[in-house]
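Note sheet for the following structure.
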Amino acid sequence: MLVTEEVEYNDGDTVCKGFIAYQPSVSKPLPCVMVAHDWGGRGEGACSKAIQLAGMGYIGFAIDMYGNAKLGKDKTEKRALMTPFMQNRGKLIARINAAFNKVVQLPEVDSEKVAAIGYCFGGLCVLDLIRSGAPLKGGVSFHGVLSPLDGESTKPLNAKVLILHGYDDPLVPIEQVNQFAMEMTARKVDWQVHVYGQTAHSFTDPNANDDEMGLHYNKLADQRSWQSTQLFLQDLFA
């Protein structure tokens with residue numbers, strides 16, 4: 001039986017509600033994997049992934065980017081929650097750093113062994129956490145937005161990066177992937193990009209089926225990307 005509970009933390013006046021999962025027999029601090037949710041908010045998907053990571057022997061921590069664990073019920077609400085962060089990347093960086101700063105203070109967590117994974121909007125959150133210079137070991141983006149911050153920077157980054165991308169993703173064209181690769185190379189990052197053919201956006205979400213937005217689940221890409229993530233985490237924390 002895993003321990004699961006909400007963990008509150010603050011970003012300014014905003015109360016955020018993270019979700020932590022870990023094995024009760026923890027006798028020493030363990031590596032932690034933060035989970036950054038998609039545009040819908042810190043819902044069942046992010047919490048389930050934190051639980052899955054806890055079952056693998058990590059501390060799983062689903063972060064709350066919107067505050068008070070707000071959830072969008074439809075595309076309109078989800079877009080309204082996400083847009084302020086897309087338009088103000090400084091706000092995004094402050095919010096996810098608040099989560100990181102909370103995580104490294106938790107007694108269950110080995111503060112020198114923290115990684116982050118993120119889905120769609122959450123993938124961008126993970127990458128911006130890395131771009132901000134936060135001392136995490138590495139990050140994984142599943143069908144995430146890769147657009148850079150304003151102003152080019154060549155300041156080296158220490159975190160390792162794994163990008164898991166669908167070649168047919170209409171929201172993140174392959175040109176954006178190439179630009180991201182050039183950015184990471186300039187910043188001397190140990191980076192990987194895995195591109196899956198016949199694969200669109202949201203390929204890890206079994207409920208994704210939206211022709212208009214190009215969102216489609218792909219079981220094979222889902223399985224392959226998770227296998228790659230497991231190997232990436234093993235390497236990070238070795």
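Mapping to UniProt numbering: the sequence shown position 225 is 225, numbers consecutive.
Think of the CB as a built atom: it goes at the ideal place given N, C-alpha and C, for glycine as much as any other residue.
Alpha carbon of residue i to alpha carbon of residue j, nearest angstrom
i           : j    : result
residue 307 : F61  : Within the shown structure, residues of the chain are numbered from 1 to 238, placing residue 307 beyond reach of any answer.
I174        : T154 : 22 Å
residue 325 : S27  : Since the displayed the chain opens at 1 and closes at 238, residue 325 lies outside it and no answer follows.
W191        : K17  : 31 Å
E108        : D64  : 19 Å
Q198        : L171 : 15 Å
Q105        : T204 : 31 Å
A115        : I163 : 14 Å
Y66         : N88  : 14 Å
D150        : L92  : 13 Å
F142        : E112 : 23 Å
L215        : P206 : 10 Å
F180        : R42  : 26 Å
S25         : A50  : 17 Å
A134        : N97  : 7 Å
Y9          : I130 : 20 Å
G90         : P84  : 10 Å
L233        : N68  : 29 Å
M86         : G144 : 13 Å
E77         : L71  : 8 Å
S132        : K188 : 15 Å
Where the alpha helix (DSSP H) through residue i begins and ends
i    : result
Q230 : K219 to L236
N10  : No alpha helix (DSSP H) holds N10; the beta strand (DSSP E) holding it covers V3 to D11.
Q198 : Element bounds for Q198: n/a, residue is neither H nor E.
N178 : I174 to A186
D128 : F121 to R131
K102 : R89 to V103
Start-to-end residues for the beta strand (DSSP E) that takes in residue i
i    : result
A21  : T14 to Y22
G144 : No beta strand (DSSP E) holds G144; DSSP gives it neither H nor E.
Residue i - DSSP class collapsed to helix/strand/coil
i    : result
A159 : coil
A115 : strand
N207 : coil
L171 : coil
L215 : strand
G138 : strand
L164 : strand
D110 : strand
Environment of residue i [buried if 16+ CB atoms lie within 10 Å]
i    : result
A80  : exposed
L231 : exposed
P31  : buried
G45  : buried
E212 : exposed
L157 : buried
T229 : buried
D128 : buried
M182 : exposed
I12  : Before going on, a small fix: residue 12 reads as Gly here, not Ile. G12 is exposed by the Cβ-count criterion.
V139 : In the sequence as presented, Val is not what sits at residue 139; that position holds Gly. Flag for G139 reads buried.
L236 : buried
D169 : buried
K160 : buried
Residue i: CB within 7 Å of a non-hydrogen atom of the ligand ADP
i   : result
L71 : This structure lacks the ligand ADP; in fact it carries no ligand of any kind.
Tell me the start and end of each unbroken alpha helix (DSSP H) in the stretch 18 to 86 that is at least 4 residues and wholly inside, in chain order.
-> 44 to 55
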